[in-house]
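Enquirer:
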Amino acid sequence: MNKVECQLCPRHCLIEEGGRGDCRVRTNVGGKLFSLVYGDPCTVHVDPIEKKPFFHVVPGSQAFSIATAGCNLHCRYCQNWQISQVPPEETRNMQMPPEDVVRHAKNNGCRSIAYTYSDPVVFYEYTYDTCALAKDQGLLNVLVTAAYIEQKPLRELCKVSHAIKVDLKGMTNTFYQKMSGATLQPVLDAIVTIKKSGVWLEICNLVVPTWNDSDQDLLTLIRWVKNNCGKDTPLHFSRFSPMYQLNDLPPTPLATLNRAWEMAKAEGMSFPYLGNIPEHPADNTYCPYDGKLIIGRRGYEVTENHIKDGKCEYCNNVIPGIWS
Amino acid sequence: MKKNFYIILAGLFILLLAWGAHHNSTLPSSPASLIAQGYGGPMEMAMTVSDRGAITELRVLRHNETSSFIGNLDGFLRQFIGRTREDSFIVGKDIDAISGATITSTAITTAVRQKMKTSAPPVPRSSPWLPFSITLGLFLIAITAFLRRDNALRWAALTGGFVYFGILTHTMLSIIQVVQAGLGHIPAFTVSPLWWALILFTFISTLLIGRIYCGSLCPFASIQEVLFQLTPHKHPLKERVTPHVDRKTRLIKYGLLFTVTALCLILGNASAANIEPFVTLFTGYGSKLALILLTLMLIMAVFNFRFWCKYLCPVGALTSLTAVFSINKIRPTKDCTACGICSNVCPTQAINTDASGVPDVDPAECISCAKCLRACPQHALIFGRRCHEKK
Amino acid sequence: MKKNNALFLALAGISVVLIGAIMADNITSMPGSYGEPAAVTAPPNTGDTRATEAVRQKFTRLGLVLHEGKYWKNADE
Numbered sequence: 001m002n003k004v005e006c007q008l009c010p011r012h013c014l015i016e017e018g019g020r021g022d023c024r025v026r027t028n029v030g031g032k033l034f035s036l037v038y039g040d041p042c043t044v045h046v047d048p049i050e051k052k053p054f055f056h057v058v059p060g061s062q063a064f065s066i067a068t069a070g071c072n073l074h075c076r077y078c079q080n081w082q083i084s085q086v087p088p089e090e091t092r093n094m095q096m097p098p099e100d101v102v103r104h105a106k107n108n109g110c111r112s113i114a115y116t117y118s119d120p121v122v123f124y125e126y127t128y129d130t131c132a133l134a135k136d137q138g139l140l141n142v143l144v145t146a147a148y149i150e151q152k153p154l155r156e157l158c159k160v161s162h163a164i165k166v167d168l169k170g171m172t173n174t175f176y177q178k179m180s181g182a183t184l185q186p187v188l189d190a191i192v193t194i195k196k197s198g199v200w201l202e203i204c205n206l207v208v209p210t211w212n213d214s215d216q217d218l219l220t221l222i223r224w225v226k227n228n229c230g231k232d233t234p235l236h237f238s239r240f241s242p243m244y245q246l247n248d249l250p251p252t253p254l255a256t257l258n259r260a261w262e263m264a265k266a267e268g269m270s271f272p273y274l275g276n277i278p279e280h281p282a283d284n285t286y287c288p289y290d291g292k293l294i295i296g297r298r299g300y301e302v303t304e305n306h307i308k309d310g311k312c313e314y315c316n317n318v319i320p321g322i323w324s
Numbered sequence: 001m002k003k004n005f006y007i008i009l010a011g012l013f014i015l016l017l018a019w020g021a022h023h024n025s026t027l028p029s030s031p032a033s034l035i036a037q038g039y040g041g042p043m044e045m046a047m048t049v050s051d052r053g054a055i056t057e058l059r060v061l062r063h064n065e066t067s068s069f070i071g072n073l074d075g076f077l078r079q080f081i082g083r084t085r086e087d088s089f090i091v092g093k094d095i096d097a098i099s100g101a102t103i104t105s106t107a108i109t110t111a112v113r114q115k116m117k118t119s120a121p122p123v124p125r126s127s128p129w130l131p132f133s134i135t136l137g138l139f140l141i142a143i144t145a146f147l148r149r150d151n152a153l154r155w156a157a158l159t160g161g162f163v164y165f166g167i168l169t170h171t172m173l174s175i176i177q178v179v180q181a182g183l184g185h186i187p188a189f190t191v192s193p194l195w196w197a198l199i200l201f202t203f204i205s206t207l208l209i210g211r212i213y214c215g216s217l218c219p220f221a222s223i224q225e226v227l228f229q230l231t232p233h234k235h236p237l238k239e240r241v242t243p244h245v246d247r248k249t250r251l252i253k254y255g256l257l258f259t260v261t262a263l264c265l266i267l268g269n270a271s272a273a274n275i276e277p278f279v280t281l282f283t284g285y286g287s288k289l290a291l292i293l294l295t296l297m298l299i300m301a302v303f304n305f306r307f308w309c310k311y312l313c314p315v316g317a318l319t320s321l322t323a324v325f326s327i328n329k330i331r332p333t334k335d336c337t338a339c340g341i342c343s344n345v346c347p348t349q350a351i352n353t354d355a356s357g358v359p360d361v362d363p364a365e366c367i368s369c370a371k372c373l374r375a376c377p378q379h380a381l382i383f384g385r386r387c388h389e390k391k
Numbered sequence: 001m002k003k004n005n006a007l008f009l010a011l012a013g014i015s016v017v018l019i020g021a022i023m024a025d026n027i028t029s030m031p032g033s034y035g036e037p038a039a040v041t042a043p044p045n046t047g048d049t050r051a052t053e054a055v056r057q058k059f060t061r062l063g064l065v066l067h068e069g070k071y072w073k074n075a076d077e
């Protein structure tokens, strides 16, 4: 009796009285569904926005980043597993209602608020309310998510977001099941919805040796992104490091990542990037029209920026992104 | 209040500060955490930067690098000690990489550089001696005003204080500074000359004369005094409370002083000290609650002379405890006729009369406004050495 | 005199309570106010299994607040 079905993400957890969803932060009390982490972030930090990574959103600025415990995926390589794979009782939480998030973000000189580290999908209500407030007060909302979310809540969330970076982890259902305990199609659908809503989209793919690093994997992903999101969508290939439950794999060889980058360029992607590799030309943004370096980066630091009024300074063509 | 009471309180406060200094020196000085993207994967590091902006410690906590890297790590990391934000932190230029580990060396250097950039104190833009001199000038005006019993000059100092400390620099004596000093976060003179000027001059002037800062310079004080003039003297709400109730309530400010200071020293940071309404007023920074407090204090000021100062201000409490040790005070001469006018006229009721009516000025509540000195019809009140006071 | 005394004391009391509330608000809402470094991130991986006792204590201490969730429905058969 008194069961509820959560409809926030494709899992559609059936939760009994006193039980929790798979994400560990939604619970059934008296036949009603509650979020356990609203206004209780366990991680708060000011980061450069390039860290998320967002390369086409107000470069060089700071993002006030928050996250609560919990996640609806269980990726074996999660680097935030200490907060994402535990219930909120096991994290040190702070009380920070949406107004305070916005206030602290402003006081810390942040241009944006980033909902990240774990996954904003699981702290949906908190994310939504904070986004709405922040948007009203002129701050940008940038979300970092695996996009394992149902269409309806996603569409609502897009209305108050400015930029979303989606982790497109792999292109096969088997990969998603084995690596993250999830499925592929809802993620693809979510990405398309985000694109259609006009929210700025950047895609990141963590390249894991032996799992999704074959030429075929990479090509399938690149082509899907190009056909469904457009060639101007920034595509980040990120380097895997041994982590959590995948400690026996080697880090992604540089050659593999270079290959991914070359393939993306060959397929016509305008803005392919490589992440987690310092001092590499793939950190920079090059104008797709005249090939000149328009944003220089060293790690998370922006060293030069030749974009004026959203256009390449040299050839005056519009460079897609949110620049102010 | 009896003098011994203040001396005990002052002594306790000094003990509290001493304890705080010890407690906070044994705490690990909050190293900042960095992640460097090493060749073998993310490396967790910890870096400590001194208040002057120089790296004092850099350690690697976790990494996936090879053993040959480890063997040369100490020498590499030692290069960073003592460097400041002004250094460029570029491998090959001012930092030598570990041979065979260029990527990781660069990664660490980059991480340190970024951290230094985002956490450095502001670089001073102009000479520190200008604010220092202006502050000195204002103090001299205030002191002169008191010594000459000149109320107009006192208002000149108050206005100067309001404009300079309040509006132009929004830096005034605050419990936050005291607590920061207690925590050891003392800014360099060149970066924050007002910090030094305010604390030094207030301390010295209080020991020499009395609560000159409170009476003739504090920007919040001038607002309160102006507000009090808004309503007529005979206003029913302005009727004074019973002296007994009044005196006991004045102790609250000492309680606040101790509570705020103790909390900050225990927690190791100054967040508990951000309670002063004048900070909210002049910097515009404060929560909804702080705004409510400010409004309440301004309203109280209309009906009760310097309500915040007398009953709540922790800085006032501190200057009070200091003033008890002042080498000078206001005292009656043998010409005093015990008419009691000075006691009536004193705006902060700092003058108590004994059984025979002879006045005794409480240095803890006296704000050195000189009104009593002006009012005495016999000119029997003087300002002189405390040790010459007849018992 | 008496009426003013009561009003005065009441307002002084309110002020003290207000200041206390401001202090508490400052301490609890600012990241790093507990004496932790300002970047509050998850503790480093020590590989330890979580002690049951620690979990139990945290649960009691936290008393997690419930906030109504969106996007769900009743699922009784």
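Protein chains in written order, with our numbering: chain A, 1 to 324; chain B, 1 to 391; chain C, 1 to 77.
Even glycine gets a Cβ: it sits at the ideal position worked out from N, Cα and C.
Model, not experiment: these values are computed from the prediction.
(1) Does any C-beta atom of chain B lie closer than 7 Å to the C-beta of A:GLU301?
(2) If you compare alpha carbons, which of B:PHE282, B:LEU265, B:SER192 is closest to B:PHE220?
(3) What number of angstroms, rounded off, separates the C-alpha of B:LEU61 from the C-alpha of A:PRO251?
(4) Where does A:PHE55 fall in DSSP's three states?
(5) Could you name the residues of the same chain whose beta carbon sits closer than 7 Å to that of A:ASP22, not counting the 5 residues immediately before and after it, in chain order?
(6) With burial defined as no fewer than 16 other Cβ atoms inside 10 Å of the residue's Cβ, what is the status of B:ALA18: buried or exposed?
(7) Can you confirm whether B:GLN114, when its beta carbon is compared against all beta carbons of chain A, has any partner nearer than 7 Å?
(8) Leaving out five residues on either side along the sequence, give the residues of the same chain with a beta carbon under 7 Å from the beta carbon of B:ILE382.
(9) Within the same chain, show all residues whose beta-carbon is closer than 7 Å to that of A:ASN80, passing over the 5 residues directly before and after it, in chain order.
(10) Checking contacts by CB at 7 Å: is B:TYR254 closer than that to chain C?
(11) Taking the continuous alpha helix (DSSP H) assigned at A:TYR244, which residues delimit it?
(12) By Cβ distance, which residues of its chain are closer than 8 Å to A:CYS42, with the 5 residues on each side in sequence left out?
(13) Which chain B residues are close to A:ARG298, counting only those with a beta carbon under 7 Å from its beta carbon?
(14) Assess contact between the region 179-189 of chain B and the region 224-238 of chain B, defined as three or more Cβ pairs (one per stretch) separated by less than 8 Å. Is contact present?
(15) Name, please, each residue of chain B whose Cβ falls closer than 7 Å to the Cβ of A:GLU279.
(16) Distance check for C:TRP72 and B:MET45, CA to CA, integer angstroms please.
(17) CA-CA distance, B:ARG85 and B:ILE55?
(18) Nearest chain B C-beta to C:ALA12 closer than 7 Å, yes or no?
(19) Let me know the beta strand (DSSP E) ranges lying completely inside the region 137-222 of chain A, each 3 residues or longer, listed in chain order.
(20) Flag this pair as touching only if the region 180-187 of chain A and the region 209-219 of chain A have three or more C-beta atom pairs under 8 Å; answer yes or no.
(21) Per DSSP, B:GLY384 is paired with what?
(22) Tell me the DSSP secondary structure of B:GLN114 in three-state form.
(23) When we look at the beta-carbon of B:TRP196 and count the other beta-carbons within 10 Å, is it buried (16 or more) or exposed?
(24) Can you tell me whether B:PRO314 is buried or exposed? The criterion is at least 16 other CB atoms within 10 Å of its CB, across all chains shown.
(25) Give me the residue from B:HIS379, B:PHE203, B:ALA272 with the minimum Cα distance to B:VAL260.
(26) Going by beta-carbon coordinates alone, are A:ARG76 and A:LEU246 separated by less than 7 Å?
(27) Using a Cβ-Cβ cutoff of less than 7 Å, which residues in the same chain neighbour B:GLN378 once the five nearest sequence positions on both sides are dropped?
(28) Of the residues that make up the region 139-169 of chain B, which ones have a beta carbon closer than 8 Å to any beta carbon in chain E?
(29) Quick one: grab the DSSP three-state call for A:ARG233.
(30) So if DSSP puts A:GLN62 in a beta bridge, which residue, or which two residues, is it bridged to?
(31) Indicate whether at least one CB of chain B lies closer than 7 Å to the CB of C:GLU53.
(32) Whose Cβ in chain B lies nearer than 7 Å to the Cβ of C:VAL16?
(33) Express the C-alpha separation of A:GLU99 and B:ARG240 in angstroms, rounding to a whole number.
(34) Helix, strand or coil: how does DSSP classify B:HIS244 here?
(35) Whose C-beta lies closer than 7 Å to the C-beta of A:GLU150 among residues of the same chain, with five residues either side of it excluded?
(36) Cutting at 7 Å between CB atoms, please list the residues of its own chain near B:ASP87, excluding the five before and the five after it.
Expert: Quick answer:
(1) yes
(2) Considering only alpha carbons, the answer is B:PHE282.
(3) 19 Å
(4) coil
(5) ARG11, CYS13, ASN72
(6) exposed
(7) Cβ-Cβ to chain A under 7 Å: yes for B:GLN114.
(8) ARG331, THR333
(9) TYR117, SER118
(10) no
(11) In this chain, A:TYR244 is not harboured by any alpha helix (DSSP H), its DSSP state being neither H nor E.
(12) ALA67, THR68, ALA69, ILE83, PRO88, THR91, ARG92, ASN93, MET94
(13) THR110
(14) Note that the region 179-189 of chain B does not touch the region 224-238 of chain B; fewer than 3 beta-carbon pairs, one per stretch, sit closer than 8 Å.
(15) THR106
(16) 43 Å
(17) 9 Å
(18) yes
(19) 140-145, 163-167, 200-207
(20) no
(21) B:LYS329
(22) helix
(23) buried
(24) B:PRO314 is buried by the Cβ-count criterion.
(25) B:ALA272
(26) yes
(27) ASP335, CYS336, THR337
(28) The chain labelled as chain E is not found among the protein chains of the depicted structure, namely A, B and C.
(29) Going by the sequence as given, residue 233 of chain A is Thr instead of Arg. Three-state result, A:THR233: coil.
(30) A:PRO48
(31) In this prediction, C:GLU53 scores a pLDDT of 40, lower than 50, which makes its location untrustworthy; the coordinate-derived value is nonetheless stated afterwards. Closer than 7 Å: no.
(32) ILE252
(33) 42 Å
(34) helix
(35) GLN7, LEU8, CYS9, PRO10, listed in sequence order.
(36) ASP94
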